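Okay, structure first, notes after.
Chains as they are written, first to last, in the numbering used here: chain A, 196 to 486; chain B, 438 to 489.
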């Protein structure tokens with residue numbers, strides 16, 4: 196079940212404490228260069244933009260592409276483990292904008308979070324897979340069986356889409372509701388007969404279970420599964436943060452499209468990152484495994 | 438990879454279909470409108486950034 200507003204807020208309260216204890220940052224800019232860049236961009240000095248990331252994927256993408264160079268504002272990546280937790284970050288007023296899958300975006304609406312959609316992205320190719328134990332060759336065979344997916348995430352949306360293709364609903368299977376990071380483990384252990392897996396989880400499972408079949412993917416299931424960029428109405432009402440968000444989106448688009456920024460003689464990157472959970476093995480596929 | 442796209446009526450319709458899907462699956466008590474997530478002002482400001 197999607198989280199109620201109360202539960203989102205409850206989670207957010209827990210997050211506030213964790214976030215306060217897990218912050219770290221880097222700064223490599225010279226003050227004079229930063230001031231010059233900020234003046235040229237029209238973004239006032241002192242502007243801070245807090246972006247909800249998942250498993251450091253946004254931060255990694257932008258850093259690897261060089262798109263964080265010359266930021267005319269302070270950018271903080273706040274790390275979350277799933278889309279519902281990004282929603283919780285919104286509820287806690289911890290972030291100005293965040294990325295998530297479509298189901299968490301609907302939860303943001305049902306939870307009455309003060310956010311608006313600013314952009315979407317469509318995965319190119321499959322990044323989520325409904326994978327079954329060897330011997331299960333169709334979605335219809337999952338009726339009455341344990342199927343793993345995480346409530347409130349894009350994985351749940353894919354599971355429901357896939358089940359619907361075979362005329363099944365959530366009530367026709369026994370949901371194994373675990374964290375995104377455990378979706379591969381429950382399939383490996385046999386606790387689930389099928390699970391929604393990320394690219395890396397799928398590779399890991401099929402290495403040890405060569406007969407395992409992919410029954411559906413997010414590239415084939417209908418309706419299309421978009422990822423969403425949501426921003427708070429507070430950030431959108433602030434000319435400075437709105438302009439910073441527009442700049443950030445330009446850099447994100449450039450990073451996705453593989454464009455590199457023009458070389459600069461002096462780095463003006465100012466970023467920091469904080470996390471809501473301990474570090475764990477990272478899945479570097481994109482989009483996030485479980486947005 | 439992700440392909441950034443502008444927000445269109447088709448995008449909004451797709452999200453509404455997701456709500457219908459999870460409602461019909463019994464995952465939520467009833468369907469609801471996602472219209473409040475979208476703002477013409479916000480869309481017109483940010484859409485040019487993600488134009489293909």
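By construction, the Cβ of each residue, glycine as well, lies at the ideal position given by its N, Cα and C atoms.
Predicted model only: the values in this text are computed from it and were never measured.
Residue 477/B at chain A interface by Cβ criterion, 8 Å: Locating residue 477/B in the second chain gives position 40, where the first residue counts as 1. With 8 Å as the cut-off, residue 477/B does not count as an interface residue toward chain A.
Contact set between the segment 261 to 278 of chain A and chain B, restricted to residues whose Cβ is under 8 Å from the partner: none
Per-residue burial, residue 441/B [other beta carbons within 10 Å of its own, 16 or more giving buried]: On the second chain, residue 441/B is found 4 positions in, with the first residue counted as 1. Classification of residue 441/B: buried, given that the 10 Å Cβ count is 16 or more.
Coil, strand or helix - residue 311/A by DSSP: Position 116 of the first chain, counting from 1, holds the residue named residue 311/A. Reduced to three states, the DSSP call for residue 311/A is strand.
CB-CB length for residue 347/A against residue 279/A, believed under 8 Å: Here residue 347/A corresponds to residue number 152 of the first chain, with the count starting at 1. Here residue 279/A corresponds to residue number 84 of the first chain, with the count starting at 1. Right, their Cβ atoms sit about 4 Å apart.
Contacts that residue 298/A makes with chain B (C-beta to C-beta distance below 8 Å): Within the first chain, residue 298/A is the residue found at index 103, counting from 1. Those are 455 and 459, listed as they occur along chain B.
For residue 363/A, the first and last residue of its enclosing alpha helix (DSSP H): Here residue 363/A refers to the residue found at position 168 when the first chain is read from its first residue. Segment: none, residue 363/A is in no alpha helix (DSSP H) and carries neither H nor E.
Min CB distance residue 433/A to chain B below 8 Å: Along the first chain, one-based indexing puts residue 433/A at 238. Closer than 8 Å: no.
Proximity below 8 Å, CB of residue 429/A to CB of residue 309/A: By 1-based counting over the first chain, the position of residue 429/A is 234. By 1-based counting over the first chain, the position of residue 309/A is 114. Yes.
Interface positions of the segment 411 to 436 of chain A facing chain B (Cβ-Cβ less than 7 Å), listed along the chain: 418, 419, 421, 422 and 431
Distance between residue 386/A and residue 487/A (C-alpha atoms, nearest Å): Because chain A spans 196 through 486 in this model, residue 487/A falls outside it and cannot be assessed.
Beta carbon proximity, residue 316/A to chain B, threshold 8 Å: Counting from 1 along the first chain, the entry for residue 316/A is found at position 121. At least one chain B Cβ lies under 8 Å of residue 316/A.
Supposed close pair residue 325/A, residue 391/A - CB separation, criterion 8 Å: Here the question's residue 325/A lines up with position 130 in the first chain. Here the question's residue 391/A lines up with position 196 in the first chain. Sure, about 6 Å apart at Cβ, within 8 Å.
Beta-carbon proximity of residue 463/B to residue 366/A, cut-off 8 Å: Residue 463/B sits at position 26 when you count from the first residue of the second chain. Residue 366/A sits at position 171 when you count from the first residue of the first chain. In contact: residue 463/B and residue 366/A (Cβ atoms closer than 8 Å).
Helix, strand or coil at residue 239/A according to DSSP, with G and I counted as helix: Position 44 of the first chain, counted from the start, is the residue given in the question as residue 239/A. Coil, per DSSP.
Alpha-carbon spacing of residue 452/A relative to residue 339/A, whole angstroms: One-based indexing of the first chain puts residue 452/A at position 257. One-based indexing of the first chain puts residue 339/A at position 144. In a straight line, the C-alpha of residue 452/A is about 43 Å away from that of residue 339/A.
Residue of 383/A, 415/A, 316/A and 414/A minimising C-alpha distance to residue 402/A: Along the first chain, one-based indexing puts residue 402/A at 207. Of the listed residues, the one whose Cα sits closest to residue 402/A is 383/A.
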